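There are 2 protein chains.
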Amino acid sequence: MMELTRKGEYAIRGIIYLAQLPPGKVALISEIAEAAEVPQTFLAKILQSFAKIGLVKSFRGAGGGFTLGRSAEQITLREVVEAVEGPILPNRCLLGAGTCERDGTCGVHPVWREVQGKVVEVLDGVSIKELAARKK
Amino acid sequence: MMELTRKGEYAIRGIIYLAQLPPGKVALISEIAEAAEVPQTFLAKILQSFAKIGLVKSFRGAGGGFTLGRSAEQITLREVVEAVEGPILPNRCLLGAGTCERDGTCGVHPVWREVQGKVVEVLDGVSIKELAARKK
DNA sequence: TATAAAAGGACTAAAACGGTCCTAAAGGTG
DNA sequence: CACCTTTAGGACCGTTTTAGTCCTTTTATA
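In order, the protein sequences belong to chains S and X. Per my numbering, residue 575 is the first one in the first sequence, and the count goes up by one each step. Per my numbering, residue 575 is the first one in the second sequence, and the count goes up by one each step.
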């Protein structure tokens, strides 16, 4: 249960690689993919989606590539995971008010809320900077 | 991320219904399915698998049906969830020693361990008895 | 202009999800 | 014993998600 997908793993590895680069340096997708041991075209898709939400910056053409969109200590693991896997949500019922018709009666509800809270807390407490430092 | 499947939801609803029955009473699959608002044949599969691991007891033939395999306070939410969704495992790497070749180098590892620990803690802290009582 | 990237879109195979249906086996009842 | 009731087991199936690939287009540099 609760497994991170490959996509999630790849995203994390890729972004950690970017965080380990000297500040300001751009990396080619081919370089990142090789270093992070991730299929290149697949990682390209992931980083492109990250570029859209500002998590990374991308530059086209010769001399182009990717950089972090912000400094590594301002990116949490949660952000990366949610960007790729969607919100942390152990049960669909937790989505919006009224989404679950069993809302009132269901006693399991608060348990899922608690799980959600704990997971978010852990993932929010870890920045990409820390992870990049650890891995080196 | 981390969503419980329908199967998981159905399993929980079904077993809570069993927990709300007067002790010793057996319930027909048709009865449980209707009460829990779950497709009957699908729930049958789930409860059959539960019978194999002793989470419920089943009786065939006229007057047959299902009961809890143990008293409701001895069944945790975690057990039910894991029975149906597999172990709580935010990352495949956490499975066995040596499963993940990045084990030593990967700094994200301990974070997943922590997530796993928190979730297990929450789910282990809730018994089916409590849930059954809340819902009534 | 030629070249070097990333961006976007279409496509695909395989697995997981969410079931259904049919037959078999086991246990009561007259 | 025959019949009925109820779970057990297996096969099957459509849809969605996962995990990618490939090709073309756009943008930027030299």
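Built from N, CA and C at the ideal position, the CB exists for glycine as well. The structure presented is a predicted model; accordingly, all values stated were derived computationally and were not measured.
By the neighbour-count criterion, in which 16 or more other beta carbons inside 10 Å mark a residue as buried, Ala636/S falls on the exposed side. If you look at Leu602/S, you'll find it isn't in any alpha helix (DSSP H); DSSP assigns it neither H nor E. Using a CB distance cut-off of 8 Å, Glu577/S counts as an interface residue toward chain X. When C-beta distances to chain S are compared with 9 Å, the residues of the segment 631 to 656 of chain X below that value are Leu651, Val655 and Glu656, in chain order. Excluding residues up to 5 positions away in sequence, Lys581, Tyr584, Ala585, Gly588 and Val658 lie with their Cβ nearer than 8 Å to the Cβ of Ile620/S in the same chain. At a cut-off of 8 Å, the C-beta of Ile662/S has a neighbouring C-beta in chain X. When Cβ pairs closer than 8 Å are counted between the two stretches, the segment 632 to 647 of chain X is seen not to touch the segment 685 to 695 of chain X, the count staying below three. Sequence-distant Cβ neighbours of Leu617/S in its own chain, meaning closer than 6 Å and more than five residues away, are Tyr584, Gly588 and Ala607. Per DSSP, reduced to three states, the secondary structure at Val630/S is strand. Interface flag for Lys626/X against chain S is unset, since no Cβ pair is found closer than 8 Å.
In this structure, the alpha-carbon of Ile649/S lies about 8 Å from that of Lys703/S. Boundaries of the beta strand (DSSP E) around Gly639/S: Gly639 to Leu642. The closest CA to that of Arg708/X, considering only Glu577/X, Met575/X, Thr579/X and Gln594/X, is found on Gln594/X.
Partner residues in the beta bridge of Thr650/X, as assigned by DSSP, are Ser701/X. Around Val630/S, the same chain offers Ile589, Leu592, Leu621, Phe624, Phe640, Thr641, Leu642 and Gly643 as residues with beta carbons nearer than 8 Å, after the five sequence neighbours per side are excluded. Contact annotation for Ile586/S against chain X: Val682 [CB-CB distance below 7 Å, chain order]. Only buried fits Glu653/X, as 16 or more other CB atoms lie within 10 angstroms of its CB. Following the DSSP letters along the chain, one finds Glu583/S inside the alpha helix (DSSP H) bounded by residues Arg580 to Gln594. Between Leu578/X and Pro613/S, the gap from beta carbon to beta carbon reaches 8 Å or more. A Cβ-Cβ contact shorter than 8 Å links Val682/S with Leu705/X. Within the segment 600 to 620 of chain X, contact with chain S at the beta-carbon level (separation under 8 Å) is assigned to no residue. Interface flag for Leu629/S against chain X is unset, since no Cβ pair is found closer than 8 Å.
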